[in-house]
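**Q** In my numbering, the protein residues as written are 26 to 581.
Where a beta carbon is used, it is the ideal one built from N, C-alpha and C, also for glycine.
Since the structure is predicted, the reported quantities are computational estimates derived from the model, not experimental observations.
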Amino acid sequence: MSNSNFDALNFDVLVIGSGAAGLYAALLIPSNYRVGLITKKELQTGASDWAQGGIAAAINPEDSPQFHLDDTLKAGAGLCDRQAVSFLVENAKAAIDSLVEMGVAFDRKEQDAKLAMTLEAAHSRPRVLHAADTTGRAIVSILTEQVLQRSNIEVISQAFALSLWRDSVTGSCQGISLLHQQQISWLKSPVVILATGGGGQVFSQTTNPSVSTGDGTAIAWRSGANLRDLEFVQFHPTALTVPNAPRFLISEAVRGEGAHLVDDQGDRFAFKYHPDGELAPRDVVSRAIFTHLQKTGAPNVFLDLRPIPEDKIRYRFPNIIKRCQKWGVDVFTTPIPVTPAAHYWMGGIAVDTTNQTSIPGLYAVGETASTGVHGANRLASNSLLECVVYAAQLASLDIDPLAETPATEARVKPWSDRDWQVDREIVQTIRKQLPKLVWRSAGICRVQADLESAIKQAKIWQQQLNGLDWADYTVKLAANQQVQLPSSEIEQDLRLYAETLNLVDIGYLILKSALFRTESRGGHYRLDFPDQDDSWLVHTLINEHQWSKTARQSLI
26 MSNSNFDALN
36 FDVLVIGSGA
46 AGLYAALLIP
56 SNYRVGLITK
66 KELQTGASDW
76 AQGGIAAAIN
86 PEDSPQFHLD
96 DTLKAGAGLC
106 DRQAVSFLVE
116 NAKAAIDSLV
126 EMGVAFDRKE
136 QDAKLAMTLE
146 AAHSRPRVLH
156 AADTTGRAIV
166 SILTEQVLQR
176 SNIEVISQAF
186 ALSLWRDSVT
196 GSCQGISLLH
206 QQQISWLKSP
216 VVILATGGGG
226 QVFSQTTNPS
236 VSTGDGTAIA
246 WRSGANLRDL
256 EFVQFHPTAL
266 TVPNAPRFLI
276 SEAVRGEGAH
286 LVDDQGDRFA
296 FKYHPDGELA
306 PRDVVSRAIF
316 THLQKTGAPN
326 VFLDLRPIPE
336 DKIRYRFPNI
346 IKRCQKWGVD
356 VFTTPIPVTP
366 AAHYWMGGIA
376 VDTTNQTSIP
386 GLYAVGETAS
396 TGVHGANRLA
406 SNSLLECVVY
416 AAQLASLDID
426 PLAETPATEA
436 RVKPWSDRDW
446 QVDREIVQTI
456 RKQLPKLVWR
466 SAGICRVQAD
476 LESAIKQAKI
486 WQQQLNGLDW
496 ADYTVKLAAN
506 QQVQLPSSEI
516 EQDLRLYAET
526 LNLVDIGYLI
536 LKSALFRTES
546 RGGHYRLDFP
556 DQDDSWLVHT
566 LINEHQWSKT
576 ARQSLI
């Protein structure tokens with residue numbers, strides 16, 4: 026990556042992101058193509074690696090893809106695309122077979138060694154495959170091993186994609202600009218696949234890892250790609266809530282195995298809000314906790330694992346036991362203090378079943394994409410399945426190489442030696458304040474006045490960030506330009522700037538989308554519009570800077 030010859034930085038495909046979606050996509054791309062896999066840190070640092078509960082698939086004789094489809098549509102609150110969901114559930118078995126063949130060690134029953142499956146909220150049948158409580162890690166670790174064995178895949182780690190390069194005539198995607206090894210360079214490729222995950226870090230309370238800053242969605246939006254349904258954010262009901270501890274997710278599978286959700290009086294209060302109690306859909310349980318805490322004034326509720334046999338807890342949830350013990354909670358004797366936290370983004374870059382975006386040559390897969398599978402509220406454990414099923418479609422990529430261009434030396438953009446302290450302080454302040462603002466105004470319950478106020482502030486921050494000289498070295502860098510950075514400290518400053526800009530942009534997009542949808546549905550709840558409205562049985566489409574309603578595709 027230190028080569029200054031621009032023509033040397035060519036790939037057939039660039040995959041941005043190394044979670045389950047990015048890794049599986051890289052593996053399924055035909056081996057005759059040269060693939061560059063870009064990861065922000067090292068491999069295995071994304072949200073997929075953190076996924077605990079499992080991966081849903083109707084492979085039991087007592088189950089069926091039709092049952093799985095019905096459950097997904099019901100959870101999606103009327104906004105799932107039936108065609109997209111059908112594609113998901115009908116290809117689930119092939120996805121599981123592929124993972125097992127690769128070596129993913131799902132849990133199996135002792136009596137017959139068949140794949141073990143558990144029940145999770147809003148599923149009508151036990152269909153969630155798991156590997157203890159670290160299913161995501163089990164899948165990602167195997168995929169990582171496979172990727173590292175492929176000679177056609179070059180992993181570029183500790184790298185940050187800054188912007189997309191579009192052809193000025195055709196509008197097609199031509200590659201990306203990349204921050205890597207104290208240098209900003211353009212990488213040329215006729216296909217770019219965004220697999221950057223969600224944007225949970227835009228909220229102050231989130232179960233997402235630090236790398237989840239909405240990068241793919243932000244850079245796609247700035248390049249003109251269509252986005253969809255960004256107001257729909259899933260707040261997981263049960264995140265560990267201990268002072269100074271990260272909001273570690275306590276898997277929904279815990280409730281599926283029999284744990285009780287109780288308040289400080291031991292009351293299973295969730296049944297007051299829904300007949301399914303703690304096994305109601307995630308948005309219902311999250312709002313039940315939020316509302317109950319407002320009524321009682323308590324700081325948190327509790328997840329009591331003691332109704333589950335101790336040997337099953339040890340077998341199924343070793344990581345949860347370990348993480349809770351680290352923060353002074355013995356799950357065998359003490360209920361776990363929990364509150365809701367931002368967990369998953371149902372919306373994203375609008376794609377079809379081949380993962381194609383509105384920009385030719387640009388694809389998106391995984392949480393950063395909006396396939397229509399999840400609608401207004403994701404069914405538990407469908408996310409890992411979506412990553413694998415949809416990424417598998419990239420096996421049929423037929424790539425037209427970019428037109429040959431004469432090899433040229435990259436034009437080196439001079440680096441300014443001015444004092445960056447003021448810019449650094451501006452960026453750090455925005456990065457600290459933004460998640461608090463978005464959590465307050467676009468969290469579990471939303472209202473017009475708060476949204477409008479937050480949008481005004483987000484616009485101010487956007488103007489501040491776009492006005493800094495650092496923008497000239499990141500989002501405004503001209504094609505075929507390179508920048509050699511003077512130090513690793515400056516590289517970290519630029520990365521923080523770029524991540525903060527991405528967070529401000531997606532924060533603005535979430536706020537505007539939440540204000541636009543004047544009803545409550547799934548993961549989007551408006552206190553001033555608390556009911557569902559049939560006139561809103563449509564998607565929210567963001568095209569350039571315009572918000573509009575777009576017709577459903579075979580929706581119920």
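In angstroms, rounded to a whole number, what distance separates the CA positions of residue 261 and residue 469?
**A** Whole-angstrom Cα-Cα distance: 10 Å.
**Q** Output the boundary residues of the beta strand (DSSP E) element that contains residue 370.
**A** Residue 370 -> beta strand (DSSP E) spans 361-370.
**Q** Beta-carbon within less than 6 Å of residue 277's beta-carbon, same chain only, minus the 5 sequence neighbours each way: which residues are those?
**A** Once the five neighbours on either side are set aside, the close Cβ partners of residue 277 are 78, 145, 146 and 405.
**Q** Looking only at its chain, what residues have a beta carbon closer than 7 Å to the beta carbon of residue 379, apart from the 5 residues adjacent to it on each side?
**A** 418.
**Q** By the 10 Å Cβ neighbour count, where 16 or more other Cβ atoms means buried, how is residue 570 classified, buried or exposed?
**A** Flag for residue 570 reads exposed.
**Q** Take the Cβ of residue 101 as the centre, count every other Cβ of all protein chains shown within 10 Å, and call the residue buried at 16 or more, exposed below.
**A** The residue is buried, with at least 16 neighbouring Cβ atoms inside 10 Å.
**Q** Would you call residue 116 buried or exposed, if buried means 16 or more other Cβ atoms sit within 10 Å of its Cβ?
**A** Residue 116 should be labelled buried.
**Q** Where residue 531 and residue 334 are concerned, what is the direct C-alpha to C-alpha distance, given to the nearest angstrom?
**A** Going from the Cα of residue 531 to the Cα of residue 334 covers about 43 Å.
**Q** Which residue marks the beginning of the alpha helix (DSSP H) containing residue 282, and which one marks its end?
**A** Careful: residue 282 lies outside any alpha helix (DSSP H) and carries neither H nor E.
**Q** Pick helix, strand or coil for residue 569, following the three-state DSSP scheme.
**A** Here residue 569 sits in coil by DSSP.
**Q** Taking only runs that begin and end inside the region 176-256, name each unbroken alpha helix (DSSP H) of 4 or more residues, in chain order.
**A** For the region 176-256, whole alpha helix (DSSP H) runs of length 4 or above, ordered along the chain, are 240-247.
**Q** According to the neighbour-count rule (16 or more other Cβ atoms, all chains shown, within 10 Å of its Cβ), is residue 485 buried or exposed?
**A** Per the 10 Å Cβ criterion, exposed.
**Q** Near residue 540, what residues of its chain come up, given a Cβ to Cβ distance below 6 Å and the 5 sequence neighbours on each side ignored?
**A** Same-chain partners within the cutoff: 476.
**Q** Counting only the same chain and skipping the five closest in sequence on each side, list residues whose C-beta sits under 7 Å from that of residue 537.
**A** Contacts found: 480 and 572.
**Q** Tell me whether the region 93-112 and the region 168-183 touch, counting them as touching only if at least three CB pairs, one residue from each stretch, are closer than 8 Å.
**A** Segments in contact, no.
**Q** Could you tell me if residue 348 is buried or exposed, where buried requires 16 or more neighbouring beta carbons within 10 angstroms of its beta carbon?
**A** Buried is the call here.
**Q** If contacts are defined as beta-carbon pairs under 8 Å, then residue 35 and residue 213 qualify, I think. What distance do you get, rounded to the angstrom?
**A** Confirmed, Cβ separation roughly 5 Å.
**Q** Could you check which residue in 263, 436 and 164 has the C-alpha nearest to that of residue 68?
**A** Checked all of 263, 436 and 164; the closest Cα to residue 68 is 164.
**Q** How many angstroms separate the CA atom of residue 326 from the CA atom of residue 387?
**A** Answer to the nearest angstrom: the Cα atoms are 44 Å apart.
**Q** Measure the C-alpha to C-alpha separation of residue 159 and residue 130 and round it to an integer number of angstroms.
**A** Taking the straight line from one Cα to the other gives about 11 Å.
**Q** Counting only runs of 3+ residues fully inside the region 521-564, write out the beta strand (DSSP E) ranges in chain order.
**A** With a minimum length of 3 residues, no continuous beta strand (DSSP E) run stays inside the region 521-564.
**Q** Quickly, what does DSSP pair residue 167 with across the bridge? List them, please.
**A** None; residue 167 has no bridge partner.
**Q** Can you tell me whether residue 389 is helix, strand or coil according to DSSP?
**A** Strand.
**Q** Going by CA-CA distance only, name the one from 367, 189 and 224 that's closest to residue 312.
**A** Of 367, 189 and 224, the residue nearest in Cα terms is 367.
**Q** Between which two residues does the beta strand (DSSP E) harbouring residue 507 extend?
**A** Residue 507 -> beta strand (DSSP E) spans 506-509.
**Q** Quick check: the Cα distance between residue 32 and residue 181, rounded to an integer number of angstroms?
**A** Note that residue 32 has pLDDT 45, beneath the 50 cutoff, so the model's placement of it is unreliable and no number is given.
**Q** DSSP state of residue 149, grouped into three classes?
**A** Correct three-state label for residue 149: coil.
**Q** Counting along the chain, where does the beta strand (DSSP E) carrying residue 93 start and finish?
**A** Element bounds for residue 93: not the beta strand (DSSP E) but the alpha helix (DSSP H), 90-100.
**Q** Taking the alpha carbon of residue 44 as the point to measure from, which residue in 226, 412, 141 and 151 has its own alpha carbon closest?
**A** Closest option to residue 44, Cα to Cα, is 412.
**Q** So residue 317 is in the alpha helix (DSSP H); what residue range does that whole segment cover?
**A** Residues 307-321.
**Q** Using DSSP's beta-bridge definition, name the partner residues of residue 273.
**A** None, per the DSSP bridge assignment.
**Q** Span of the beta strand (DSSP E) holding residue 454?
**A** Note, residue 454: premise wrong, no beta strand (DSSP E); alpha helix (DSSP H) at 446-467.
**Q** Comparing alpha-carbon positions, which option in 268, 345 and 293 lies nearest residue 274?
**A** Selected option, being the one with the closest Cα: 345.
**Q** Mapping the DSSP letters down to three states, classify residue 515 as helix, strand or coil.
**A** Residue state, collapsed to three classes: helix.
**Q** Could you please give me the residues that DSSP links to residue 574 through a beta bridge?
**A** Beta-bridge pairing links residue 574 to 565.
**Q** Which parts of the region 112-149 are runs of the beta strand (DSSP E), unbroken and 3 residues or longer, counting only runs that do not cross its ends?
**A** Listed in chain order, there is nothing to give.
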